[in-house]
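Just add 8 to the spot in the sequence shown (first one is 1) and you have this note's numbering. Note that CB positions come from ideal geometry on N, CA and C, so glycine has one too. Below is one structure, written out as structure tokens, with a few remarks after it.
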Amino acid sequence: MKSYHYLEEYNIKVTNEIMERFSGIIHEIGEEADREGLAKTPERAAKAMLFLTQGYKQDAAAILKSAMFKESYNEMVIVKDIELYSLCEHHILPFFGKAHIAYIPNGHIVGLSKLPRIVDVFARRLQVQERLTEQILDCINDTLKPQGVAVVIEAAHMCMMMRGVQKQNSVTTTSGFRGSFEKEETRNEFLKLISSDLS
Ligand SMILES: [Zn+2]
């Protein structure tokens, strides 16, 4: 069963299996898996991994549907600077940054706190930034059926920063647009609003 709240309790069998594998990894990299500082690391790492991937067990559409309201407001709604933490599926290293979401209602609005919630649902999986952007976009488009929806994600990838090319300051930007945001004028208004610093 999919639910909003997961990991209040951990599945013991799954946790134990992941713990055993982390023990193996710690040993293989040349550490003493049983020295004091590392004794509980496999368990902590297993629980962290399960927490960071809990999105597989959550239903983003259900979260949106739980707070949709009939409303005639039909101007652009923007939630910007949504904190985002995910794991890249190529290296299982974090990428993190901000998501900006806008939609133009078509008879229904959604509780604003639900947009950051669905960002978490999709971010807490093994991801690529491009697919994360599309999944958020499609979920809002298919569930809320707005006149249009736009998503921009700006993120820094630890797999680039800590290894490989070691570009310390590069930020990757992805974006997607549906419906009325496919019109240049609407899209530009959104992009202008998220880049202006009102705070
Ligand atoms: Zn990566």
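Query                                                                                                                              : Result
Can you determine whether any heavy atom of ligand 1 sits closer than 7 Å to the C-beta of L92, and answer yes or no?              : no
Using three-state DSSP, classify H98 as helix, strand or coil.                                                                     : coil
On a CA-only basis, which of A110, S31 and D89 is nearest T194? Give me that one, please.                                          : A110
Just to check, is the beta-carbon of L101 closer than 7 Å to a non-hydrogen atom of ligand 1?                                      : yes
State the start and end residues of the unbroken alpha helix (DSSP H) segment that holds I20.                                      : I20 to E36
Unbroken alpha helix (DSSP H) runs of length 4 or more, entirely within the segment 106 to 167: which are they?                    : 122 to 131 and 137 to 152
Any heavy atom of ligand 1 closer than 7 Å to the CB of H98?                                                                       : yes
Helix, strand or coil, according to DSSP, for S204 in the structure here?                                                          : coil
Determine the burial state of A54: buried for a count of at least 16 other Cβ atoms within 10 Å of its Cβ, exposed for fewer.      : buried
By a C-beta neighbour count over all protein chains shown, 10 Å radius and 16 as the cutoff for buried, is K120 buried or exposed? : The sequence shown places Leu at residue 120, not Lys. The residue in question, L120, is exposed, as its Cβ has fewer than 16 Cβ neighbours within 10 Å.
At which residues does the beta strand (DSSP E) containing K78 begin and terminate?                                                : M76 to K78
Under 7 Å Cβ to Cβ from K88, same chain only, skipping five residues before and after it: list those, please.                      : H108 and I202
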